[in-house]
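Novice: I'd like to ask you about the structure that follows.
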Amino acid sequence: PHVTRREDYTAPDWLVPEIALDFALDPAATRVKATLHVQRSDAHDRPLRLDGAGQTLLSVSVDGVAVNDWTIEGETLVLPLTGSAHVVETEVEIAPERNTQLMGLYASGGNLCTQCEAEGFRRITYFPDRPDVLSRYQVRMTADKARYPVLLANGDPIAAGDLPDGRHWAEWRDPFPKPCYLFALVAGDLAVNRGSFTTMSGREVALGIWVRAADVPRTDHALAALKAAMAWDEQTYGREYDLDVFNIVAVDDFNFGAMENKGLNIFNSRYILADPDTATDYDYDGIAAVVAHEYFHNWSGNRVTCRDWFQLSLKEGFTVYRDQCFSADQGSAAVKRIEDVRGLRAAQFPEDAGPLAHPIRPDSYQEISNFYTATIYNKGAEIIRMLATMLGAQAFRAGTDLYFDRFDGTAATCEDFVASLEDASGTDLTQFRRWYSQAGTPRITASLLHHKGSGRAELVLAQNTPPTPGQTVKQPVVLPLRIKLFGADSAQPYAPEQTVLLTEAEHRIVFEDVRERPILSINRGFSAPAILETDRSAADLAFLAAQDDDPFARYEALQQLMLDTLVESAGGARVDHAAVIAAIGGTLANPQLDRAFVAEAVLLPSESFIGDQMAVVDPEAIFRARETLRRDIGRALEASWRAAYDGARATTTGYVYSPEAKGLRRLKSVALGYIAASGAADAGALAFAQFEAADNMTDRQSALTTLVAGDSAQRTPALDIFYNRYSDNALVLDKWFSVQAMAPRDDTGAVVAELAQHRDFTLSNPNRARALIGAFGVNQRAFNAADGSGYRFLADQLIALDRLNPQTAAKLIPPLGRWKRFDSNRAALMRAELERIVAVPGLSKDMAEQASRSLD
Ligand code: B3K
Ligand code: ZN
Numbered sequence: 015p016h017v018t019r020r021e022d023y024t025a026p027d028w029l030v031p032e033i034a035l036d037f038a039l040d041p042a043a044t045r046v047k048a049t050l051h052v053q054r055s056d057a058h059d060r061p062l063r064l065d066g067a068g069q070t071l072l073s074v075s076v077d078g079v080a081v082n083d084w085t086i087e088g089e090t091l092v093l094p095l096t097g098s099a100h101v102v103e104t105e106v107e108i109a110p111e112r113n114t115q116l117m118g119l120y121a122s123g124g125n126l127c128t129q130c131e132a133e134g135f136r137r138i139t140y141f142p143d144r145p146d147v148l149s150r151y152q153v154r155m156t157a158d159k160a161r162y163p164v165l166l167a168n169g170d171p172i173a174a175g176d177l178p179d180g181r182h183w184a185e186w187r188d189p190f191p192k193p194c195y196l197f198a199l200v201a202g203d204l205a206v207n208r209g210s211f212t213t214m215s216g217r218e219v220a221l222g223i224w225v226r227a228a229d230v231p232r233t234d235h236a237l238a239a240l241k242a243a244m245a246w247d248e249q250t251y252g253r254e255y256d257l258d259v260f261n262i263v264a265v266d267d268f269n270f271g272a273m274e275n276k277g278l279n280i281f282n283s284r285y286i287l288a289d290p291d292t293a294t295d296y297d298y299d300g301i302a303a304v305v306a307h308e309y310f311h312n313w314s315g316n317r318v319t320c321r322d323w324f325q326l327s328l329k330e331g332f333t334v335y336r337d338q339c340f341s342a343d344q345g346s347a348a349v350k351r352i353e354d355v356r357g358l359r360a361a362q363f364p365e366d367a368g369p370l371a372h373p374i375r376p377d378s379y380q381e382i383s384n385f386y387t388a389t390i391y392n393k394g395a396e397i398i399r400m401l402a403t404m405l406g407a408q409a410f411r412a413g414t415d416l417y418f419d420r421f422d423g424t425a426a427t428c429e430d431f432v433a434s435l436e437d438a439s440g441t442d443l444t445q446f447r448r449w450y451s452q453a454g455t456p457r458i459t460a461s462l463l464h465h466k467g468s469g470r471a472e473l474v475l476a477q478n479t480p481p482t483p484g485q486t487v488k489q490p491v492v493l494p495l496r497i498k499l500f501g502a503d504s505a506q507p508y509a510p511e512q513t514v515l516l517t518e519a520e521h522r523i524v525f526e527d528v529r530e531r532p533i534l535s536i537n538r539g540f541s542a543p544a545i546l547e548t549d550r551s552a553a554d555l556a557f558l559a560a561q562d563d564d565p566f567a568r569y570e571a572l573q574q575l576m577l578d579t580l581v582e583s584a585g586g587a588r589v590d591h592a593a594v595i596a597a598i599g600g601t602l603a604n605p606q607l608d609r610a611f612v613a614e615a616v617l618l619p620s621e622s623f624i625g626d627q628m629a630v631v632d633p634e635a636i637f638r639a640r641e642t643l644r645r646d647i648g649r650a651l652e653a654s655w656r657a658a659y660d661g662a663r664a665t666t667t668g669y670v671y672s673p674e675a676k677g678l679r680r681l682k683s684v685a686l687g688y689i690a691a692s693g694a695a696d697a698g699a700l701a702f703a704q705f706e707a708a709d710n711m712t713d714r715q716s717a718l719t720t721l722v723a724g725d726s727a728q729r730t731p732a733l734d735i736f737y738n739r740y741s742d743n744a745l746v747l748d749k750w751f752s753v754q755a756m757a758p759r760d761d762t763g764a765v766v767a768e769l770a771q772h773r774d775f776t777l778s779n780p781n782r783a784r785a786l787i788g789a790f791g792v793n794q795r796a797f798n799a800a801d802g803s804g805y806r807f808l809a810d811q812l813i814a815l816d817r818l819n820p821q822t823a824a825k826l827i828p829p830l831g832r833w834k835r836f837d838s839n840r841a842a843l844m845r846a847e848l849e850r851i852v853a854v855p856g857l858s859k860d861m862a863e864q865a866s867r868s869l870d
C-alpha cells in the first residue's frame with residue numbers, strides 16, 4: 015500500500031492562483047469544465063500533475079488549443095508544459111447520483127451537494143488536490159430550474175439568469191484564495207431562514223440557513239447559535255467575518271458532522287434541525303457547538319489553512335478548543351468541562367492506548383480520512399488548552415493574534431502556531447513540542463507525604479507514557495497541573511491554587527508550615543490530559559467530593575471513588591457500597607450546587623471506562639458490578655431520588671432551553687434511572703407517565719431509555735408509540751434505533767441483528783448506520799458477547815458498508831481493535847473477524863488500513 019510521509023513534504027511544482035468552474039448539473043451526468051491559470055512555482059522542468067478520481071475525461075486544452083500529449087498515471091493527469099504560466103482547461107463527466115461514498119459531488123434527498131475535505135475535490139475535476147495550493151474561485155452552475163431552484167457556491171453571488179429550456183444559471187465568486195478542500199456548491203429545492211449580523215466594523219452580513227421547506231421552523235436555534243458564535247469570535251479572538259454572505263445548508267446524508275466550506279457550510283441535518291418535540295437538550299448543545307466550530311474555522315482553517323494533512327490538528331485541535339470555550343461561556347462551564355473530559359476518556363484515551371494510536375501530528379498515513387480522529391480533534395484541543403493555561407489569557411491571545419496576522423492567506427504548520435505563541439509570550443516551548451510528535455496518554459503518579467512534627471509536606475510527582483505502536487521509547491512531556499491542598503479537619507485551603515509544571519520524569523515539591531493533614535486536589539479542571547494515580551484514600555476522595563471548590567475536581571473525586579469501588583467488585587471482591595452512597599447522597603442534598611452539575615456528578619462511570627482500568631476487561635463482571643451498585647444507590651437513596659425527581663418536575667413547566675431548565679431535566683432523567691434501578695414496582699408506570707406527558711424530546715427519550723432498559727409492561731408499547739409518532743422524522747428514528755442498540759439487556763445482540771433487517775434500516779445513510787451499528791459497537795457487554803456473535807455482526811455490516819461508503823465504514827472499526835484488552839477467547843474471535851475483513855477482495859483503502867493496523 016502507498017504510504018504518505020510527513021518528512022517527504024515538498025512545495026507544489028505548480029500554483030493555481032485562479033480557477034473558473036462551469037457545472038452543467040445533472041444527477042446522472044454532470045459536466046464540469048475547469049479553467050486553471052497555472053504558474054510554475056520555480057525553475058524546474060516537471061510536468062503539471064493534476065489529481066483525479068472516478069471521472070470521465072472528455073477534453074484537455076492548453077492556452078485555448080486542444081492537446082493530446084497528456085497521460086494518465088494511475089488516476090493522475092500528467093501534462094507537459096513549456097512556459098512558466100498557462101491556461102489549462104479540462105472537461106469531465108461525473109455521476110452524482112451514483113456517488114454512495116458521499117465524497118465529491120453527490121445527491122442527497124433530491125438535492126446535489128459537495129464534500130471535498132480531505133481529498134474529494136479530485137472526484138469533481140482534475141486539480142492539484144493538496145491544501146497548500148490556494149486559488150481564487152469563480153463558479154458557474156446551470157441546472158433544471160424546477161428541480162434545483164436554488165444554486166449556491168462559496169463567496170458572494172454575482173449574477174444569475176434563466177435559460178430557454180427550463181434551466182437557469184448562477185455565478186458565485188469567492189475573493190479569498192482557498193485550497194480546493196474548501197470548495198462547495200449546492201443545488202436544490204431549499205427554503206431559507208434568513209438573518210443578519212453586523213460585524214464589529216459595522217459591515218452587514220446576510221445569513222441564511224437552507225433546508226427543506228418543512229424544516230424551516232427547526233432552524234431558529236442554529237441561526238441564533240451562529241450569531242452568538244460570530245459575536246463571540248470578535249470579542250474573544252478579535253476575528254471578524256469577511257464576506258457579505260454566510261450560508262449554511264443541511265443535508266441528510268453526510269459522513270460526519272459538518273464542513274466549513276468558505277461562506278457555504280454544509281451540515282449533517284442532525285446538527286441544524288431542532289425543535290423541542292424532536293431534539294433533546296443534548297442535540298441543542300451539539301448544534302450550537304458544531305455551528306460555532308464550523309464558523310470559527312473561517313479563521314482557524316480557512317483564512318489560515320494547513321500546509322499538508324499532517325498539520326490537520328493545527329486547524330482541528332485549535333477549533334475544537336475554541337468551540338469548547340464558546341460552549342462553556344454559553345452555559346455551565348463546569349458541566350461543559352465534565353462532558354468534554356468524559357468524551358476524551360471515552361474515545362481518545364482508548365485510541366491512544368490501542369493499535370490506532372498516533373501523535374496529534376502523525377508521521378504517515380495511507381488514507382487521510384482515517385486521521386480525522388479523537389486524537390487530532392480532542393487531544394489536539396487539550397494541547398491548545400494547556401498552552402492557554404501555561405501562557406495565561408493575555409499572552410495566549412497575543413500569540414493567536416500574531417499567528418493570524420503572520421499567516422493570513424497562507425497554508426501553515428503546527429510549528430508556525432507554536433512559534434507564534436512562543437514569540438508573542440517569550441515562553442520557551444521547546445519541550446512542549448513533544449506533544450505534537452509523541453503518542454500515548456501520560457500516566458502521572460502523585461503522592462503527598464506529611465510530617466506533622468516539622469509541618470512539612472512533600473508532593474512526589476512522576477510521569478511515564480507507555481509505549482505505542484512504532485514508538486517504544488517515550489520522553490517526559492510538559493504537564494501543567496493545577497493543584498491545591500486542603501486541611502483535612504478545617505477544609506480550608508493551605509494556599510491559593512498553583513500551577514505546577516511537571517516536566518521531568520520525577521519532581522518533588524515541598525510545602526512548609528503545613529499544620530493540618532493536607533488533602534491533595536490535583537489536575538483541577540483537568541489541566542493536563544493524563545491518567546492520574548494517587549494514593550488518596552476513599553475517605554479523602556469523599557472529602558474532596560464534598561469540599562473541593564473546583565467543580566471538576568469535585569466531580570473527579572466522586573468518579574474516582576465510584577471507579578475504585580466498581581473495579582474492585584468487578585474483580586470479584588465483596589465491596590461495601592456505603593461510601594459511594596454517602597457521597598452521592600451528600601451531593602444530591604447540597605443546595606449550593608447547580609442541578610446540572612449534580613446530575614453529572616452522580617452518574618456512574620461507563621462500563622468501558624471501568625474496563626479501561628482493568629488488566630483484562632471482563633464485560634459481564636463489569637456489567638454486574640455496575641448494575642448492583644446502581645441498584646444499591648437507587649434503593650438506599652430512593653426517597654432522595656423521588657424528591658429530586660418530583661422537585662425537578664414541579665419546577666419545569668413548559669419547555670425552555672436554558673442552562674437551569676436543562677439541568678433540571680437532566681437531574682430528572684438521572685433520578686428516574688436510579689428509581690428504576692432500585693427495582694421500585696411503580697418505575698415502569700412513572701417512566702411511562704413521563705413518556706406520555708412529555709412536551710419535549712429530552713424527557714421523552716430519557717423515559718424511553720429507562721423503559722427499554724427494563725422489563726415493565728410499558729416497554730413494548732412505548733417503543734411502538736415512539737416509532738409511530740416519529741416514523742416520518744429520520745433524525746428521531748435514529749434515536750429509536752440507538753436506544754435499543756445501547757440497551758443494557760441480555761437480548762440486545764439479538765434485537766440489534768433483527769433491527770438490521772428492519773424496513774427503516776439502511777447502510778446508505780450514515781446517520782442510520784451509526785445509530786444502529788455505531789451504538790452497538792460501544793455497548794461493551796452486548797458487543798463483547800462471549801460467543802463472538804457481536805463481532806461477527808459488526809464485521810458483516812462493515813464489509814457491506816465498505817462497498818458503499820468506505821469512510822463511514824472505517825470509522826466504525828475501533829471496537830474490534832480492542833482485542834488485546836480482552837481474554838484470549840474473545841481476542842481470538844475479534845482477530846478472526848479482522849482477518850476476515852482484511853481478506854475481502856476489493857476492500858477500500860480506508861478499511862484496509864484500519865483493519866490491518868488493528869491486527870498489530
Ligand atoms: N473539517 C471537517 C471534517 C472533514 C472530515 C473529512 N473526512 C469538519 C470539521 O472538523 O469541522
Ligand atoms: Zn473542524
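Per the UniProt record's numbering: the sequence shown = residues 15 to 870. We treat Cβ as the ideally placed atom computed from N, Cα and C, and that holds for glycine. Keep in mind it's a predicted model, so treat the numbers as computed, not measured.
(1) Measuring straight from C-alpha to C-alpha, what distance separates serine 588 and leucine 558?
(2) Can you confirm whether the region 816–831 touches the region 784–803 when touching is taken to mean that 3 or more C-beta pairs between the two stretches lie within less than 8 Å?
(3) Span of the beta strand (DSSP E) holding lysine 192?
(4) Can you check whether the CB of leucine 237 is closer than 9 Å to the CB of leucine 257?
(5) What residues come near the ligand ZN, if near means a beta carbon less than 5 Å from any of its heavy atoms?
(6) Any chance the region 728–738 sits against the region 762–770, with 3 or more Cβ pairs inside 8 Å?
(7) Can you tell which of Arg531, Thr18 and Gly175 has its C-alpha closest to the C-alpha of serine 383?
(8) Hey, would you say the C-beta of alanine 425 is under 8 Å away from at least one heavy atom of the ligand B3K?
(9) Report the option in Tyr335, Lys498 and Ile689 whose CA atom is closest to the CA atom of isoleucine 397.
(10) What number of angstroms, rounded off, separates the C-alpha of phenylalanine 611 from the C-alpha of tyrosine 688?
(11) How about the region 670–681 and the region 695–702: do they share at least three Cβ pairs that are nearer than 8 Å?
(12) So, is histidine 58 buried or exposed, given that buried needs 16 or more other C-beta atoms within 10 angstroms?
(13) Beta carbon of tryptophan 767: closer than 8 Å to some heavy atom of the ligand B3K?
(14) Any heavy atom of the ligand B3K closer than 8 Å to the beta-carbon of phenylalanine 270?
(15) Does the beta-carbon of valine 140, which I'm using as the reference point, lie nearer than 8 Å to any heavy atom of the ligand B3K?
(16) Tell me threonine 44's beta-bridge partners as DSSP assigns them.
(17) Where does lysine 466 land, buried or exposed, given buried means 16+ other C-beta within 10 angstroms?
(18) Does the distance from the CB of arginine 644 to the CB of alanine 584 come in under 9 Å?
(19) Can you say whether alanine 757 is buried or exposed, counting buried as having 16 or more other CB atoms within 10 angstroms of its CB?
(20) Ordered along the chain, which non-local residues of its own chain (more than five positions away) have a Cβ less than 6 Å from that of asparagine 207?
(21) Do proline 290 and aspartate 709 have their C-beta atoms closer together than 9 Å?
(22) Please work out which residues of its chain come closer than 6 Å, Cβ to Cβ, to glycine 123, disregarding the five sequence neighbours upstream and downstream, and give them in chain order.
(23) Would you kindly check if the distance between the Cβ of threonine 389 and the Cβ of alanine 402 is under 9 Å?
(24) Could you tell me if leucine 204 is buried or exposed, where buried requires 16 or more neighbouring beta carbons within 10 angstroms of its beta carbon?
(25) Report buried or exposed for alanine 239, applying the criterion of at least 16 other Cβ atoms within 10 angstroms of its Cβ.
(26) Beta-carbon separation of leucine 840 and asparagine 781 under 9 Å?
(27) Closer than 8 Å: is that where the CB of residue 917 sits relative to any heavy atom of the ligand B3K?
(28) Our contact map puts isoleucine 545 next to arginine 411 with C-beta atoms below 8 Å; I'd like the distance itself, whole angstroms only.
(29) Once the 5 residues before and after residue 871 are set aside, which same chain residues still bring their CB inside 7 Å of it?
(30) Report, in whole angstroms, the separation of the C-beta atoms of alanine 360 and serine 622, which I expect to be a contact under 8 Å.
(31) With a cut-off of 8 Å on the beta carbons, I'd call glycine 202 and leucine 126 a contact; round off their distance for me.
(32) Just how far apart, CA to CA, sit arginine 161 and leucine 39?
(33) Entirely within the region 717–789 and at least 4 residues each: give me those alpha helix (DSSP H) ranges in chain order.
(34) Can you give me the C-alpha to C-alpha distance between phenylalanine 751 and threonine 414, rounded to a whole angstrom?
(35) Check for me: the beta strand (DSSP E) holding threonine 822 runs from which residue to which?
(36) Taking contact to mean 3 or more Cβ pairs, one atom from each stretch, closer than 8 Å, check whether the region 22–31 and the region 133–143 are in contact.
Specialist: Checking against the coordinates, here is how it stands:
(1) Here the question's residue 588 lines up with position 574 in the sequence shown. Here the question's residue 558 lines up with position 544 in the sequence shown. Checking the displayed sequence, the identity of residue 588 turns out to be arginine instead of serine. Distance between the alpha carbons of arginine 588 and leucine 558: 25 Å.
(2) yes
(3) The count along the sequence shown starts at 1 and reaches residue 192 at position 178. That run of the beta strand (DSSP E) goes 181–192.
(4) In the sequence shown, counting from the first residue as 1, residue 257 sits at position 243. In the sequence shown, counting from the first residue as 1, residue 237 sits at position 223. No, the pair does not count as a contact, with Cβ atoms beyond the cut-off.
(5) Glu330 and Thr333
(6) no
(7) Here the question's residue 383 lines up with position 369 in the sequence shown. Serine 383 has its Cα closest to that of Thr18, out of Arg531, Thr18 and Gly175.
(8) As a first step, residue 425 is located in the sequence shown; it is residue number 411 there, counting from the start. It does not: the Cβ of alanine 425 is nowhere closer than 8 Å to a heavy atom of the ligand B3K.
(9) Along the sequence shown, one-based indexing puts residue 397 at 383. Here the closest residue by C-alpha is Tyr335.
(10) Taking the first residue of the sequence shown as 1, we reach residue 611 at position 597. Taking the first residue of the sequence shown as 1, we reach residue 688 at position 674. Rounded to whole angstroms, phenylalanine 611 to tyrosine 688 spans 17 Å at the Cα level.
(11) no
(12) Within the sequence shown, residue 58 is the residue found at index 44, counting from 1. Exposed, because fewer than 16 other Cβ atoms sit within 10 Å of the Cβ of histidine 58.
(13) Here residue 767 refers to the residue found at position 753 when the sequence shown is read from its first residue. Tryptophan is not the amino acid found at residue 767; the sequence shown has alanine there. No.
(14) Locating residue 270 in the sequence shown gives position 256, where the first residue counts as 1. Yes - the ligand B3K has a heavy atom lying nearer than 8 Å to the Cβ of phenylalanine 270.
(15) Here residue 140 refers to the residue found at position 126 when the sequence shown is read from its first residue. A small correction: the amino acid at residue 140 is tyrosine; valine does not occupy that position in the sequence shown. Not under cutoff, so the answer is no.
(16) Walking along the sequence shown from the start, residue 44 turns up at place 30. The partner list for threonine 44 (beta bridge, DSSP) reads Ile108.
(17) For the purposes of this step, residue 466 is identified with residue 452 of the sequence shown, where counting begins at 1. Label assigned to lysine 466: exposed.
(18) On the sequence shown, position 630 is the one that residue 644 refers to. On the sequence shown, position 570 is the one that residue 584 refers to. Going by C-beta atoms, arginine 644 is not nearer than 9 Å to alanine 584.
(19) Counting from 1 along the sequence shown, the entry for residue 757 is found at position 743. When all chains shown are included, alanine 757 counts as buried.
(20) Here residue 207 refers to the residue found at position 193 of the sequence shown. If we look at asparagine 207 and ignore the five residues flanking it on each side, its Cβ neighbours are Ile223, Val230, Thr233 and Leu237.
(21) Against the sequence shown, residue 290 aligns to sequence position 276. Against the sequence shown, residue 709 aligns to sequence position 695. Contact: yes.
(22) Walking along the sequence shown from the start, residue 123 turns up at place 109. Contacts found: Asp266.
(23) Here residue 402 is taken as the residue at index 388 of the sequence shown, counted from 1. Here residue 389 is taken as the residue at index 375 of the sequence shown, counted from 1. No, they are not a contact pair.
(24) Taking the sequence shown and counting its residues from 1, one reaches residue 204 at position 190. By the neighbour-count rule (16 or more Cβ atoms within 10 Å), leucine 204 is buried.
(25) As a first step, residue 239 is located in the sequence shown; it is residue number 225 there, counting from the start. Buried, because 16 or more other Cβ atoms sit within 10 Å of the Cβ of alanine 239.
(26) Locating residue 840 in the sequence shown gives position 826, counting from the first residue. Locating residue 781 in the sequence shown gives position 767, counting from the first residue. Note that residue 840 is arginine in the sequence shown, not leucine. No, the pair does not count as a contact, with Cβ atoms beyond the cut-off.
(27) Nothing about residue 917 can be read from this structure; the chain reaches only from 15 to 870.
(28) As a working mapping, residue 545 is identified with position 531 in the sequence shown. As a working mapping, residue 411 is identified with position 397 in the sequence shown. Isoleucine 545 to arginine 411, Cβ: 31 Å. No contact.
(29) In this structure the chain extends from 15 to 870, so residue 871 is not present and cannot be described.
(30) Against the sequence shown, residue 360 aligns to sequence position 346. Against the sequence shown, residue 622 aligns to sequence position 608. So it is a contact: roughly 7 Å between Cβ atoms.
(31) Within the sequence shown, residue 202 is the residue found at index 188, counting from 1. Within the sequence shown, residue 126 is the residue found at index 112, counting from 1. Rounded, the Cβ-Cβ distance is 7 Å, consistent with contact.
(32) Taking the first residue of the sequence shown as position 1, residue 161 is located at position 147. Taking the first residue of the sequence shown as position 1, residue 39 is located at position 25. Cα-Cα distance, rounded: 11 Å.
(33) 729–739, 744–755, 762–769 and 780–783
(34) Here residue 751 is taken as the residue at index 737 of the sequence shown, counted from 1. Here residue 414 is taken as the residue at index 400 of the sequence shown, counted from 1. Taking the straight line joining both Cα atoms gives about 43 Å.
(35) Walking along the sequence shown from the start, residue 822 turns up at place 808. Segment 820–825 is the alpha helix (DSSP H) holding threonine 822; no beta strand (DSSP E) there.
(36) yes
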